[in-house]
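Written out below as structure tokens is the structure these notes cover.
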Amino acid sequence: MFPRSNVFRALHQWRSVPDAPPSHPLPPPLPPEPSSFVTAVRSSASLRVLKPLHAAVLRHHPDDLVLSVALACRYSQLGLPRAGLSLLSPAAADPSLVPAGDTFLWNLLVRGLVESGAHDRALALYRQMREPRGGAQPNNFTFPPVLKACSYLGDFEEGVKIHGDAAELGYESDVFVRNSLIAMYSKSGAVDTAKRLFDEMPDRSVVTWTTMIGALAQNGHPEEALALFRRMLEERVRPNRATFLTVMPCVIRCDDADDLHKLIIRYRLESEVIVQNAIMGMYSRCGKIEQVRKLFDGIAEKDLASWSSMIEAYARADMFEEAMKLFRNMKLLEIVPDRVTLLGVTRGCSNSAVASLRHAQLIHGFAIRSLLIEDLMVETAVIDSYVRRGSLNSARRIFDQMREKNLVTWSIMISGYGMHGRGVEALELFNRMKCLMKPDHITFVSVLSACSHAGLIDEGWQCFNSMTTEFGIVAHSEHYACMVDLLGRAGQLEKAREFIEKMPIKPDCSVWGSLLGACRIHPDAKFTELAATSLFELDPQNSGRYILLSNIYTSLGKIEEAHSIRVLMRKRGVKKIAGYTVIELNNKLYKFLVGDCSNPQSDLIYRELERLMDRIKEAGYVPNTNFALHDVEEETQVKSLYMHSEKLAIVFGLINTRPESTIRVHKNLRVCGDCHTATKFISKVTKRKIVMRDSHRFHHFSDGECSCGDYW
DNA sequence: GATCAAGTTG
């Protein structure tokens, strides 16, 4: 061992010789040996330590390959892979500089190249190694980095070939090689092959288990990943930090989260920030926001990820105000947000009912000032927030100016047009996109839902068919749901039923939900019954469906059935989500619940509302009491309709804004049918544009019409 | 030498 301080002392002595010759001349001390440099390089904690060492290496051992590789690896670990790469370039470009037959040195060079990010050159070097007159015979140390390079490059054909090499040379069952193979197959999506390699192994290390758990987790099998983790514990394999970091993202149930948390404490891994951040993420996914905050407050040395995780957790819990507050706080504390922090707060802004266009602009401004707008993902997230705050134009402006767009960017812009009922533009973009890249199953959800929102029936069918024939994408439930929606809109309920029957997969609640939605517009007892039966079996806790069903029964005149649905809902303990509508005025948000009297202007609002209702009745509005409470008299029902949060917010907006300005409101649930009709009339008699976002889409009301064409 | 490490689309 060469303790670090000794190397520095030796270096210092050696360097100080010319400046201060001793009065009794001694032979100058020799510069440190390469091996002591290697130790020093590997243990250097920062670039400030590494760079002088690098300089000294250049002076004393410029041609030492072992040292060069050690330096390159360390540069890469400290975040400067390119700095190290230049050290390896001469040997990588001219392998004859590497002694033939010296597998150890060849392995080092291959590994150095992989760690410095030169994956393609590492693979090229490996191929030279394998040539008959080439460098050296690969061994068990050669394969892990080479397989990693294949994964990184996505070159799985090469990966399979290298698997063959490893088998041929007898290294296939080496634990390290086997682990790397499992990782490689997992990243290529061949989780079955990975599982087979795992099952065949006689001796598995903790890394083997962790890799296989990760393989299941990353290929969309979180439940199986958790099950494998439990099996690992049963077989008394001690999990380590990486195991927990791998398994935690699979957890969505509180009891699993608690179990894991206890285990982490038992293994004394709870003090590391990285682990604490992951525990926060786990509880956030379980919906335990108070627990997440408690953990966050308990972290002594919060890093940027801790802050981002907390903001992300608030965004997930639909607590945008808290997310924004924390975002401001961290800036006050001079903690500089990065792209991930910004992604968290932007997502909160996109989804929350209490975020406004103003918030989207503030976040966009911050992204520009901090230069994070150059980042593709941030830019895409900002587009999304503009779309969801109702400003398609701002979104499109950024979209058009982007230097680079990916699948997600296109999908967001397409679904954005869809949400606003502008199906033609959505299709136009989709056609442009098809020339540039292959759409995926989510792009098709975007474009199909755009067709259904805009009532583009033929175009929808065309897209649906081309998905499989042209792009080889297997239709998921969501795609079928869009098609049922399309058929339902056209009133073709029988066709929709046939379509569902012919589905090659089991229809899920999105499909039955579409059919039930169709029954709202085209009431039909038979299909309502059919959709409801399946829905109550598949998703018995969804309160919106009970209410929708009850409303459909009411409109069919089946008052008793409607009542019994409400009773069933109470009996099953299904919690009704309180509806509310938010409106922004002068950078302030105002929230209205049904029958709300908390606003200081309440008296004025209700007086004005009464007047407005009379005006729209004169214009032809008829209150639709299907959407009112049912156990009261009709006159009271009409009154209760008047008090809906949508109407209160709109009237508040009318009173407090200039006559020509657009009113923007946001309802947390689907807009009520009666409010939808009323708003159409309001837009007509007041000559106002009203934009209403609900949980499903945007409604643009203007001159008595709505962009959704009365189907949503 | 192998695993993990805050994150955008319906």
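Using the numbering used here, read the first sequence as starting at 790 and increasing by one per residue.
Built from N, CA and C at the ideal position, the CB exists for glycine as well.
Just so you know, these numbers come straight off a predicted model, no measurement behind them.
Euclidean distance between Cα positions of residue i and residue j
| i | j | result |
| --- | --- | --- |
| G1493 | F1470 | 5 Å |
| V1368 | K1476 | Looking at the sequence itself, residue 1368 is Gly, so the reference to Val does not match. G1368 and K1476: Cα-Cα distance of roughly 27 Å. |
| L1430 | G1261 | 49 Å |
| L839 | S832 | 9 Å |
| G1076 | A1106 | 7 Å |
| D853 | L876 | 10 Å |
| S1450 | D1164 | 34 Å |
| S1145 | D1086 | 28 Å |
| Q1251 | V1234 | 14 Å |
| V1040 | Y1206 | 34 Å |
| K937 | G868 | 18 Å |
| I1405 | R1278 | 27 Å |
| L1196 | S1255 | 18 Å |
| F1316 | P1296 | 15 Å |
| R1042 | G1302 | 25 Å |
| L898 | S1200 | 42 Å |
| E1283 | L1327 | 22 Å |
| Y915 | L856 | 20 Å |
| A1270 | G1306 | 11 Å |
| P810 | M1166 | With a pLDDT of 49 at P810, under the threshold of 50, the modelled position of that residue is not reliable, and the figure given next carries that caveat. The straight-line gap from Cα to Cα measures roughly 60 Å. |
| I1162 | A1156 | 5 Å |
| H1485 | S962 | 53 Å |
| Y1335 | K1194 | 41 Å |
| Y1175 | H1148 | 10 Å |
| V849 | P820 | The amino acid occupying residue 849 in the given sequence is His; Val does not appear at that position. Cα to Cα, the separation comes out at about 7 Å. |
| P870 | A983 | 30 Å |
| M918 | S975 | 26 Å |
| Y1379 | M1402 | 22 Å |
Cut-off 7 Å between Cβ atoms - residues of its own chain near residue i, not counting five sequence neighbours on either side
| i | result |
| --- | --- |
| T1035 | T999, I1002, G1003, A1006 |
| P933 | F965, V966, S969 |
| V1129 | S1097 |
| D1173 | S1139, I1201 |
| F1385 | It should be noted that the sequence gives Asp, not Phe, for residue 1385. Closer than 7 Å at Cβ, skipping near neighbours: S1434, L1437. |
| E1267 | V1234, S1299 |
Check: residue i C-beta below 7 Å from any heavy atom of the ligand NAP
| i | result |
| --- | --- |
| D883 | The ligand NAP is not part of this structure, which contains no ligands at all. |
CB contact flag (residue i, residue j, <8 Å)
| i | j | result |
| --- | --- | --- |
| V935 | L912 | yes |
| I1187 | E1168 | yes |
| C1308 | L1324 | no |
| G924 | V980 | no |
| R863 | V830 | yes |
| M1119 | I1078 | no |
| G901 | V858 | yes |
| K783 | T1322 | Given a span of 790 to 1501 for the chain in the structure shown, any question on residue 783 remains unanswerable. |
| V1125 | E1090 | no |
| R1136 | A1170 | yes |
| S1139 | R1177 | yes |
| I1068 | M1099 | no |
| A1102 | S1073 | yes |
| V1454 | E1423 | no |
| I1289 | L1304 | yes |
Other residues of its chain near residue i: CB distance less than 8 Å, five sequence neighbours each side excluded
| i | result |
| --- | --- |
| T1517 | For residue 1517 there is no data in the structure shown, the boundaries of the chain being 790 and 1501. |
| I951 | Y915, F932, V935, L936, C939 |
Close-in-space but distant-in-sequence residues of the same chain around residue i (CB under 6 Å, 5 per side omitted)
| i | result |
| --- | --- |
| F945 | S977 |
| I1088 | Q1065, S1095 |
| H1153 | V1171 |
| E1350 | Y1342 |
Kindly provide the ranges of any alpha helix (DSSP H) runs that are 4 or more residues long and lie completely inside the stretch 987 to 1024, ordered along the chain. 995 to 1007, 1011 to 1023, all fully within the stretch 987 to 1024.
Scan the stretch 1280 to 1324 and note each continuous beta strand (DSSP E) run of 3 residues or more that stays entirely inside, going in chain order. Segments of the beta strand (DSSP E) lying fully in the stretch 1280 to 1324: there are none.
Under 8 Å, with one C-beta from each stretch per pair, do the stretch 1356 to 1365 and the stretch 1435 to 1454 reach the 3-pair mark? Judged by Cβ distances under 8 Å, the stretch 1356 to 1365 makes no contact with the stretch 1435 to 1454, as fewer than three pairs qualify.
I'd like to know if the stretch 1100 to 1117 and the stretch 1327 to 1342 are in contact, where contact means that at least 3 CB-CB pairs between them fall below 8 Å. Short answer: they don't touch.
Okay, do the stretch 1456 to 1474 and the stretch 1397 to 1414 touch, 3+ Cβ pairs below 8 Å being the bar? Under the three-pair Cβ rule at 8 Å, the stretch 1456 to 1474 counts as touching the stretch 1397 to 1414.
Kindly provide the ranges of any beta strand (DSSP E) runs that are 3 or more residues long and lie completely inside the stretch 1240 to 1266, ordered along the chain. For the stretch 1240 to 1266, not one full-length beta strand (DSSP E) segment reaches 3 residues or more.
How about the stretch 1199 to 1216 and the stretch 1242 to 1257: do they share at least three Cβ pairs that are nearer than 8 Å? Yes: at least three Cβ pairs fall under 8 Å.
Scan the stretch 838 to 880 and note each continuous alpha helix (DSSP H) run of 4 residues or more that stays entirely inside, going in chain order. The stretch 838 to 880 contains these whole alpha helix (DSSP H) runs: 854 to 866.
Continuous alpha helix (DSSP H) assignments of at least 4 residues falling wholly in the stretch 1436 to 1497: Counting only runs of 4 or more, we get 1462 to 1475.
Determine, using beta-carbon pairs with one atom in the stretch 1174 to 1183 and one in the stretch 1217 to 1226, whether at least three such pairs fall under 8 Å. For the pair of segments examined, the stretch 1174 to 1183 was found not to touch the stretch 1217 to 1226: the number of CB pairs separated by less than 8 Å stays below three.
Runs of 4 residues minimum, wholly inside the stretch 890 to 964: which ones carry the alpha helix (DSSP H) assignment? Given a length threshold of 4 residues, each whole run of the alpha helix (DSSP H) inside the stretch 890 to 964 is given here in chain order: 892 to 904, 908 to 919, 932 to 942, 945 to 957.
Start-end ranges of the alpha helix (DSSP H) lying completely within the stretch 1129 to 1208, minimum 4 residues: The DSSP assignment places complete alpha helix (DSSP H) segments of no fewer than 4 residues inside the stretch 1129 to 1208 at 1146 to 1158, 1165 to 1177, 1181 to 1190, 1196 to 1208, in order along the chain.
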